[in-house]
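Going by our numbering, the sequence shown opens with residue 297, and the numbers climb by one from there. We put the beta carbon where it would ideally sit given N, CA and C, even for glycine. This one's a predicted model, so the numbers in the text were calculated from it and none came from an experiment.
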Amino acid sequence: MFERFPPKLLQCRLQRIGRVWAGLQAFADDFAFIITDNTREGLRKLSKLALDKFKEWADKNKLHVSMEKSSYVLFSKLVRGPTIKWGNQSINRKNHLKYLGVTIDHKLSWLPHVIEQGKIAMDQYQHLCRIAGKTWGINKNIRRILYKTVIERTLCHGAAAWRHNMTSRLQKKLDSIQRLFLLYITGAYRTIPTAALQVVTGLQPLHLQIQQEATYARVARARSSSNFFTVIFSPTDYERKSSRIHIHSPPPIFFSTIKFHFQKIA
C-alpha cells in the first residue's frame with residue numbers, strides 16, 4: 297500500500313510477527329507501506345495496526361496526509377481486497393500507482409511503467425524537434441548523444457526494480473519505442489528494420505541496455521551477486537567505489553559549546 301505525506305525522511309520497520317510483515321519505506325514527500333499476509337482479514341488488521349501507529353506519529357508532529365493523493369494496490373489473487381482506512385477515511389484501491397517515478401501495476405507486469413516512460417520520452421523528443429527541427433540544427437552525432445543522455449535515461453529509469461521480469465511483450469514494446477528515436481537519429485526510411493538501425497547507430501536494444509544497467513546497480517551499489525545471461529558477476533571481483541571525503545571531527549569542546557547554546561535557546 298502506498299501513500300504520500302509532507303516532507304520527512306523515514307525508513308523503519310513497524311512490526312514483524314511470524315510470517316506477517318508490515319514495513320515503511322519513505323523518501324522526501326513520498327512514503328510506502330508494504331503489508332503482507334495470507335488472508336483479506338489479516339491484511340486489514342495489519343494495515344490498521346500500521347496506519348494507526350503512523351497516524352499517531354503524524355498527528356503528534358502536526359503533519360497532514362493528503363487523501364486525494366493516497367491509494368493502495370493489491371498484489372494478490374483475492375477478488376475482493378481489504379478495506380483500508382486512514383482514521384475514518386477509506387483509501388482508494390487502484391490497479392497501478394507511481395512511486396518515485398516507477399509505475400507499479402497489480403500484476404507486476406511493468407508494462408504500464410514502460411508505456412508511461414515512453415510517453416515522457418516522446419514528449420522530450422517532440423520538444424527537441426521544435427527546438428532544432430528534424431533535419432537541421434543538430435547533426436547525427438549530436439542527436440545520438442541526446443538520445444543516450446536524455447531519452448535513454450528516461451526509458452531506463454528504475455531498471456534495477458523491473459528488469460528481472462523482461463518478457464517478450466516488454467521487449468517488443470521497448471523496441472517499438474526505441475525505433476522512433478533511431479529513425480530520428482539516422483533519418484532513414486521507415487521500411488528499414490529496427491535491428492539494422494541499431495547496427496548503424498551503434499546502439500544496443502533497450503532491453504539489453506536495461507538489463508546491463510540493472511546488473512551494474514545490483515553489483516556495484518547493492519554489492520550483491522547478479523547474472524547477465526550466463527555470466528555471474530560478484531561484487532568481490534570488483535573494487536568498491538571510493539567513499540566521500542572524510543572530514544575529521546572537531547575537538548570535543550566545540551560540541552560542548554554547541555550543545556550549551558542549543559540548551560540555552562530552548
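Residues bridged to residue i [DSSP beta-bridge criterion]
i	result
Thr399	Lys394
Coil, strand or helix - residue i by DSSP
i	result
Lys373	coil
Ile554	At Ile554, the pLDDT of 34 sits below 50, so the modelled position is not reliable and the matter cannot be decided from this model.
Phe350	helix
Ser472	helix
Tyr368	strand
Arg389	strand
Val515	helix
Gly414	helix
Leu359	coil
Arg465	helix
Pro408	helix
Arg426	helix
Asp419	helix
Leu499	coil
Ile506	helix
Lys560	Bear in mind that a pLDDT of 38 at Lys560, under 50, signals an unreliable position, so the model cannot answer this.
Pro546	Unreliable positioning characterises Pro546 in this predicted model, as indicated by a pLDDT of 46, which lies under 50. A coordinate reading is not provided.
Arg536	coil
Lys335	One detail in the question is off: residue 335 reads as Thr in this sequence, not Lys. The answer is coil: DSSP assigns Thr335 none of H, G, I, E or B.
Endpoints, the beta strand (DSSP E) within which residue i is located
i	result
Ile380	No beta strand (DSSP E) holds Ile380; DSSP gives it neither H nor E.
Asn523	522-524
Ile528	527-529
Buried or exposed by the 16-neighbour rule on C-beta atoms within 10 Å, applied to residue i
i	result
Ala350	Inspection of the sequence shows that residue 350 is occupied by Phe rather than by Ala. Buried.
Gln385	exposed
His360	exposed
Asn353	Here residue 353 is Trp; the residue named in the question, Asn, does not match the sequence. Classification of Trp353: exposed, given that the 10 Å Cβ count is below 16.
Gly414	buried
Tyr485	exposed
Gln474	buried
Pro489	exposed
Ser366	buried
Leu339	buried
Ile506	buried
Glu448	buried
CB of residue i within 9 Å of CB of residue j, strictly
i	j	result
Leu370	His402	yes
Thr453	Val398	Strictly speaking, residue 453 in this sequence is His, with Thr absent from that position. Going by C-beta atoms, His453 is nearer than 9 Å to Val398.
Asn334	Ser405	no
Trp458	His409	yes
Asp326	Tyr368	no
His503	Leu476	no
Residue i beta carbon near the ligand SAM (any heavy atom closer than 8 Å)
i	result
Thr463	Ligands are entirely absent from the displayed structure, and the ligand SAM is therefore not among its contents.
Span of the alpha helix (DSSP H), counted from its first residue to its last, around residue i
i	result
Arg484	The residue asked about is misnamed: residue 484 is Ala in this sequence, not Arg. Taken as a continuous stretch (DSSP letters only), Ala484 belongs to no alpha helix (DSSP H), as it is neither H nor E.
Arg440	436-442
Thr450	448-451
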